[in-house]
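The listed protein sequences correspond, in order, to chains A and B.
Going from the first sequence to my numbering is simple: count from 1 and add 482.
Going from the second sequence to my numbering is simple: count from 1 and add 1.
Don't be surprised by glycine CBs; every beta carbon is placed ideally from N, CA and C.
All of these numbers come straight from a predicted model, not from anything done at the bench.
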Amino acid sequence: MNKWTKKSVALLAISMLIFLTAACGGKETSNSGAGQQGDSAASQDAVLKKIAESKTLDVGLDATFKPFEYKTGDKYEGFDIDLIQAVAKELGADKVNFVDTEFKGLIPGLQAKKFDIIASSMYITDERKQTIDFSDTYFPGGLSIMVKKDNDSIKGLDDLKGKKVSVQIGTKSVKYLEENAKETKLVKVEKNTEMFLELETGKVDAVVTGLPAAKTYVKEKGTMKVLPDTLTEEFYGYGIRKENAEFTKAVNEALKKVKDSGQYDQIVKKWFE
Amino acid sequence: MQQFDFSVIGEWDNIRLLLQSLWLTVVYTFAGFALSLVLGTVISFGQMSKLKAFRYLALAYLSWFRGTPLLVQLFLLYYGLPIVFGIDTVPWVSGIIALGMYSGAYASQIIRGAIQSIDKGQMEAGRSLGFSHMQTMRKIIIPQAVTRMLAPMTNELISLIKNSSLLSTITVVELFRQANLMIADTYKTMEFLIAIAVLYYLVNNLIGMVGLALERRLSTGDDLR
Chain A
483 MNKWTKKSVA LLAISMLIFL TAACGGKETS NSGAGQQGDS AASQDAVLKK IAESKTLDVG
543 LDATFKPFEY KTGDKYEGFD IDLIQAVAKE LGADKVNFVD TEFKGLIPGL QAKKFDIIAS
603 SMYITDERKQ TIDFSDTYFP GGLSIMVKKD NDSIKGLDDL KGKKVSVQIG TKSVKYLEEN
663 AKETKLVKVE KNTEMFLELE TGKVDAVVTG LPAAKTYVKE KGTMKVLPDT LTEEFYGYGI
723 RKENAEFTKA VNEALKKVKD SGQYDQIVKK WFE
Chain B
2 MQQFDFSVIG EWDNIRLLLQ SLWLTVVYTF AGFALSLVLG TVISFGQMSK LKAFRYLALA
62 YLSWFRGTPL LVQLFLLYYG LPIVFGIDTV PWVSGIIALG MYSGAYASQI IRGAIQSIDK
122 GQMEAGRSLG FSHMQTMRKI IIPQAVTRML APMTNELISL IKNSSLLSTI TVVELFRQAN
182 LMIADTYKTM EFLIAIAVLY YLVNNLIGMV GLALERRLST GDDLR
């Protein structure tokens with residue numbers, strides 16, 4: 483094969499992938515650019531417009547994070563579920579449509595317009611902010627260390643030196659430990675539940691994850707304990723596409739209304755007390 | 002050792018959801034496999050074509066879809082198209098297409114291998130009887146090749162069933178994702194993993210048995226038994 487044919491083969495391979503999929507992929511979005519036109523009227527925002535028309539809000543989440551979002555049978559349940567439903571109502575959406583996917587697919591999914599908003603206990607971080615926008619925080623969480631009940635050797639961050647610690651890939655825990663506990667051996671897993679399993683089977687010495695999730699697990703299983711001091715103060719926020727600044731504003735207003743009306747306190751009470 | 006509590010599998014709600022998602026797994030896989038047979042045939046004939054352009058086209062397809070992981074193809078297809086080109090994609094449709102295109106590359110080699118394994122004399126015999134090249138292919142070569150394709154194609158279908166668990170990464174709730182959702186709710190990890198392992202096992206062995214039965218029915222001679 484000479485140089486020219488080699489190049490064209492490579493080009494063909496790529497274009498074939500695109501054409502084949504484009505041909506059978508589905509419908510084109512007609513108003514994909516609507517949010518970027520910069521018109522200041524609220525109704526110009528593509529998502530707000532969609533909500534006004536269809537009365538539905540499409541929410542992306544990874545429903546494997548008890549007690550924030552999980553699935554019992556066919557039903558989505560949890561703190562995030564109740565709260566986003568209250569927020570959606572304030573936004574004028576009667577129906578919330580949940581799209582379940584793996585955590586690492588949430589930001590690409592949002593960018594690909596698979597849903598309007600991410601409500602999946604996602605921490606607001608500077609790195610994520612470069613790709614997407616966040617609403618105001620709706621819940622303070624924090625990273626905490628979970629160990630086996632009979633483990634007395636690990637009392638804090640310093641004790642993790644040289645130990646194996648399980649963390650969920652793509653989460654804040656990874657970054658935090660890489661910066662603050664350099665000599666820790668991280669075992670990165672895909673799912674929250676795998677993290678617990680790693681600890682349960684003795685493959686790791688500790689798990690670093692959000693406090694509420696750890697607490698819920700301890701409450702249900704009783705074989706683990708959560709160390710009393712949290713490592714960080716973190717804040718959960720809703721992820722929104724950068725082009726929908728108008729929608730972000732509306733979500734923040736809706737969130738404020740839910741807090742002022744006392745609904746927020748009720749939901750917190752229901753899930754964490 | 003941990004205590005297992007299999008009663009959670011016995012709950013009707015859980016059985017129903019597992020079977021439902023198993024059905025989806027089977028449907029997506031079979032649809033993908035059907036597409037893969039069509040693509041595989043096109044690619045294999047492209048590869049055997051006398052026209053250079055077709056041969057290169059088929060080779061390019063093969064090298065791309067056999068050379069990249071299915072997981073990457075899924076992500077490119079499902080998230081890449083909307084982000085880069087603004088083309089909307091439907092999860093299960095993307096899933097079927099990705100399975101079909103990926104498996105099509107492998108199927109094409111099974112088809113080509115089977116056709117080229119038929120003795121050259123068969124083609125010569127057909128031609129000397131007055132059949133055209135196409136007629137000989139259709140009436141003599143392909144029927145014999147199909148028998149030889151059965152075993153590797155059964156393999157391909159079985160591995161596709163297992164690969165379909167990757168669809169969970171693009172919001173398709175199939176058997177594996179459903180189990181993960183239940184594990185997250187109940188923390189009964191082993192129980193659900195064993196349950197879906199059994200379900201995958203049953204389906205794949207059923208496919209294996211059907212494949213064997215077909216082979217037995219279509220085989221003409223008793224040679225090599």
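- [ ] Spatial neighbours of valine 9(B) within its chain, please: CB distance less than 7 angstroms, with the 5 preceding and 5 following residues excluded, ordered by chain position.
- [x] Asn15, Thr187, Lys189, Glu192
Task: Start-end ranges of the alpha helix (DSSP H) lying completely within the segment 160–200 of chain B, minimum 4 residues - done: Qualifying alpha helix (DSSP H) stretches, in chain order: 176–187.
- [ ] Output the distance between the C-alpha atoms of isoleucine 141(B) and isoleucine 195(B), rounded to the nearest integer angstrom.
- [x] 47 angstroms
Task: Cα-Cα separation between serine 165(B) and leucine 78(B), rounded to whole angstroms - done: 15 angstroms
Task: Min CB distance leucine 679(A) to chain B below 8 angstroms - done: yes
Task: Start and end residues, alpha helix (DSSP H) containing methionine 138(B) - done: From DSSP, methionine 138(B) is part of no alpha helix (DSSP H); its letter is neither H nor E.
Task: Contacting positions in the segment 545–560 of chain A - beta carbon closer than 8 angstroms to chain B - done: Residues Ala545, Thr546, Phe547, Lys548, Tyr552, Lys553, Thr554, Gly555, Asp556.
Task: Distance between beta carbons of glycine 692(A) and serine 603(A), contact taken as under 8 angstroms - done: 7 angstroms
TODO: Label alanine 528(A) either buried or exposed according to how many other C-beta atoms from any shown protein chain fall within 10 Å of its C-beta, with 16 as the threshold for buried.
DONE: buried
TODO: Could you tell me the boundaries of the beta strand (DSSP E) in which alanine 601(A) lies?
DONE: Here the beta strand (DSSP E) through alanine 601(A) covers 599–605.
Task: Burial state of aspartate 742(A) (16 or more Cβ within 10 Å) - done: exposed
- [ ] Measure the alpha-carbon distance for isoleucine 112(B) versus glycine 41(B) and round it to whole angstroms.
- [x] Roughly 7 angstroms separates the two Cα atoms.
Open item on the list: 8 angstroms is my cut-off, CB to CB: does glutamine 593(A) come that close to chain B?
Closed with: yes
Open item on the list: Please list the terminal residues of the continuous alpha helix (DSSP H) segment that includes threonine 30(B).
Closed with: Annotation for threonine 30(B): the continuous alpha helix (DSSP H) segment containing it runs 13–49.
Open item on the list: Within 10 Å of its beta-carbon, does arginine 723(A) have 16 or more other beta-carbons around it, so buried, or fewer, so exposed?
Closed with: Looking at its Cβ environment, which holds 16 or more other Cβ atoms inside 10 Å, arginine 723(A) is buried.
TODO: Would you kindly report the start and end of the unbroken alpha helix (DSSP H) that includes lysine 631(A)?
DONE: In the DSSP assignment, lysine 631(A) falls outside any alpha helix (DSSP H) and carries neither an H nor an E.
- [ ] List in chain order: all unbroken beta strand (DSSP E) runs of 3+ residues lying wholly within the segment 52–84 of chain B.
- [x] none
Open item on the list: Counting only beta-carbon separations shorter than 8 angstroms, does threonine 42(B) have a partner in chain A?
Closed with: no
- [ ] Output, in chain order, the set of chain A residues within a Cβ distance shorter than 8 angstroms of tyrosine 107(B).
- [x] What tyrosine 107(B) touches in chain A: nothing, since even the nearest Cβ is about 16 angstroms away.
Task: 8 angstroms Cβ shell around leucine 709(A) - same chain, five flanking residues per side excluded - done: Ser626, Ile627, Met628, Val629, Ile636, Lys637, Gly638
Open item on the list: What residue range does the beta strand (DSSP E) around lysine 596(A) cover?
Closed with: Taken as a continuous stretch (DSSP letters only), lysine 596(A) belongs to no beta strand (DSSP E), as it is neither H nor E.
Open item on the list: Using only CA atoms, which one of Glu175(B), Arg139(B), Ala99(B) lies nearest to threonine 69(B)?
Closed with: Ala99(B)
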